[in-house]
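The structure appears right after this line, and notes come after that.
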Amino acid sequence: MHTVMTTSEIAVLLCHAHVPMAMDCLGSLLRLCADELSLRIHDDGSLTSADIVCLQDALGEHEVVLRRDADERMKDEYGRYPKVIELRRTFPLILKAFDGIAYCKTPLFAYIDSDVLFMDRFVNPFRLPNPDIGAIFMQDRAPSYSLRSWQLALSPRVRLPAKINSGMIVSRKDLFDFDLLEWFVGRWLHRGIPSMLEQTFWAFLGVRIGCRIFDPRQARVMREEEEDERDLVAGHFTARTRWLLPRYVERSHRASNPERPTVLRTLDPGRCNAGDLLHYEISRVGRRFAHS
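Each residue of the sequence shown is one higher than the last, beginning at 1 in UniProt numbering.
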């Protein structure tokens, strides 16, 4: 019988502008999970002392890692990764992987973005059911990766799942490879779309250690026209759909309290190749012309 790995320590990367949204979204995580969770909030460098007080008033006492303290620790303890250290200065999202793992105190790393809202009661999803699964992520709506199609074709070492979103991460800490991260962020071929670099690294690592995705019927990146919300437990409200949040926050507060909270299912993510990225790139160009 396999031992289920689980954790109650959840990392969050947070900026000043997202504090009000985080109080709603992280509040839903803590309120609707059937198991008690604790947060480790990583300051991206913009949180104020007033922000921290507001978060504590809304969410309770949780660990806050100030950026200035993290900068010193990461430079002292992880200075052998100069490319990642340099990237931290200009690209805060890399803190999700670099600092998040470094500060993780349990064998299982768990992370959630501050724009993921839970809308129904659920069993702690930050768990790995068997040793063949090294990580679980959300599914994205498209192959949103930092490599263009031609760059992936020129990078035979890089294999990617079909559509991974790093808004929600469960990963074995012992399988995280800092040397691989240093190599990945240092190659120009991996930076066709720099804003997607962190998410793409998680996807790359996921293939290497064995990954799955949460069933998108239950946890997904949200869109304006949602056709079927019957099984929806968690929604990731990225910049495109963040204006929809107030309506769903109301739904979250109306969530029932069943005796059997929902267990999030997982699926095989499939694979993404250069042809898939090319098809996506062409479709994006087509949409731009259609709306011009």
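Note that the Cβ used here is the ideal one computed from N, Cα and C, for glycine as well. Since the structure is predicted, the reported quantities are computational estimates derived from the model, not experimental observations.
Exercise. Is the beta carbon of A239 within less than 7 Å of some heavy atom of the ligand MN?
Worked result: With respect to the ligand MN, the structure shown offers nothing to examine, as it has no ligands at all.
Exercise. So what's D69 in DSSP terms, helix, strand or just coil?
Worked result: helix
For this session: Just tell me which of D120, A34, A274, L267 has its CA closest to the CA of V158.
Result: A274
For this session: Work out the CA separation of I282 and A135 for me, nearest whole Å.
Result: 30 Å
Exercise. Among all the DSSP beta bridges, which residues are the ones paired with Y248?
Worked result: Bridge partners of Y248 according to DSSP: none are assigned.
Exercise. So, is G286 buried or exposed, given that buried needs 16 or more other C-beta atoms within 10 angstroms?
Worked result: exposed
Exercise. Going by alpha carbons, who is nearest to R127 out of R242, L30, R212, Y248?
Worked result: Per the Cα distances, R212.
Exercise. Looking at H62 and L95, is the spacing between their C-beta atoms short of 8 Å?
Worked result: no
For this session: Kindly indicate which residue of E36, L108, T48, L32 has the alpha-carbon position closest to the one of T3.
Result: L108
For this session: Determine the closest residue to C33 out of R73, G270, R260, with distance taken between C-alpha atoms.
Result: If we check each option's Cα against that of C33, R260 comes out closest.
Exercise. Going by the CB atoms, is the gap between V116 and W15 shorter than 8 Å?
Worked result: Trp is not the amino acid found at residue 15; the sequence shown has Cys there. Contact flag unset, no.
Exercise. Is the segment 136–144 in contact with the segment 62–74, if contact means three or more CB pairs nearer than 8 Å?
Worked result: no
Exercise. How about G235 and M119: are their beta carbons less than 8 Å apart?
Worked result: yes
Exercise. In the DSSP assignment, what are the bridge partners of I136?
Worked result: V170, R212
Exercise. Can you name, in chain order, every residue of its own chain whose Cβ lies under 8 Å from the Cβ of L244, other than the five neighbours on each side?
Worked result: M222, E224, F237
For this session: Starting from G235, follow the beta strand (DSSP E) in both directions and report where the run begins and ends.
Result: From DSSP, the beta strand (DSSP E) with G235 extends over 234–236.
Problem set entry | Among T266, R271, V233, R242, nearest to S256 - alpha-carbon criterion | V233
Problem set entry | Under the three-state DSSP convention, the category I85 falls into | helix
Exercise. What are the complete alpha helix (DSSP H) segments, minimum 4 residues, inside the segment 91–144?
Worked result: 98–103
Problem set entry | Selected residue, minimal CA-CA separation from T106, among V249, R121, D174, W202 | D174
Problem set entry | L59 - DSSP class collapsed to helix/strand/coil | In the structure shown, the three-state DSSP call for L59 is helix.
Exercise. What distance in whole Å lies between the Cβ atoms of S144 and residue 294, which are believed to be in contact at a cut-off of 8 Å?
Worked result: Shown here, the chain extends from 1 to 292; a query on residue 294 therefore has no answer.
Problem set entry | Three-state class that DSSP yields for S256 in the structure shown | S256: coil per DSSP, three-state reduction.
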